[in-house]
Structure formats: C-alpha cells, structure tokens
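J.: A single structure is presented below for examination.
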Amino acid sequence: MNINLTHIYKKHKGQWVALDNTLSKVVCSIKSAKTTYNKAVEKGFKTPTLFKVPLRNVAYFGINLA
Numbered sequence: 000m001n002i003n004l005t006h007i008y009k010k011h012k013g014q015w016v017a018l019d020n021t022l023s024k025v026v027c028s029i030k031s032a033k034t035t036y037n038k039a040v041e042k043g044f045k046t047p048t049l050f051k052v053p054l055r056n057v058a059y060f061g062i063n064l065a
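First residue of the sequence shown? That's 0 in numbering that gives the first Met the number 0, and the numbers climb one at a time after it.
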C-alpha cells in the first residue's frame, strides 16, 4: 500500500505524529513521542501509528536482496 504523506511533512516537520487506523488522518502531533501516543489514546485511538517526521525531506532508495 502506498500512502502519500507529503501534506503531513509540510505541516509537522520535526514532530512525532499519531495517525488513525487508515493512516490518512493526523490524530495529534507533538515533539515528544510519549506525549503524542498518550494524547492519541486519550482521544480514543487504542493503537495509533506513530512516526517521526524528518526535518529535511531526502530521497531514500531501498534494495531487496532476498
């Protein structure tokens, strides 16, 4: 599944972001992972997806050697 997170990068650089189960909506974003997680759980999301939005958008290429 490919998900375009460009809109999240532009608005939340350098922050931890909690996403809903569809990975399309930002539940909350804060500079602390623990606080972001706790706020998302308080809002009723039992298993939010967290990730750190980088400060710079750089290309990443991966190779599957399997």
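Note that beta-carbon positions come from the ideal geometry of N, C-alpha and C, so glycine has one too.
Here the structure is a predicted model, which means the values were calculated and not measured.
Between the Cα of phenylalanine 44 and the Cα atoms of Pro53, Leu22 and Ile62, which residue gives the shortest distance?
T.: Locating residue 44 in the sequence shown gives position 45, where the first residue counts as 1. Nearest option by C-alpha distance: Leu22.
J.: Just how far apart, CA to CA, sit isoleucine 29 and isoleucine 7?
T.: Translated into positions along the sequence shown, residue 29 becomes position 30. Translated into positions along the sequence shown, residue 7 becomes position 8. Distance between the alpha carbons of isoleucine 29 and isoleucine 7 is about 13 Å.
J.: Please list, in chain order, all residues of the same chain as lysine 38 whose beta carbon is under 8 Å from its beta carbon, the five residues on each side excluded.
T.: If you number the sequence shown from 1, residue 38 lands on position 39. Closer than 8 Å at Cβ, skipping near neighbours: Ala17, Val26, Cys27 and Ile29.
J.: Where arginine 55 and leucine 4 are concerned, what is the direct C-alpha to C-alpha distance, given to the nearest angstrom?
T.: Working through the sequence shown from its first residue, we reach residue 55 at position 56. Working through the sequence shown from its first residue, we reach residue 4 at position 5. Rounded to the nearest angstrom, the two C-alpha atoms are 14 Å apart.
J.: For the candidate residues Ile2, Lys33, Lys9 and Lys10, whose alpha-carbon lies nearest to that of leucine 49?
T.: Within the sequence shown, the letter at position 50 stands for residue 49. Of Ile2, Lys33, Lys9 and Lys10, the residue nearest in Cα terms is Lys33.
J.: What residue does the beta strand (DSSP E) around alanine 58 start on, and which one ends it?
T.: Here residue 58 is taken as the residue at index 59 of the sequence shown, counted from 1. Careful: alanine 58 lies outside any beta strand (DSSP E) and carries neither H nor E.
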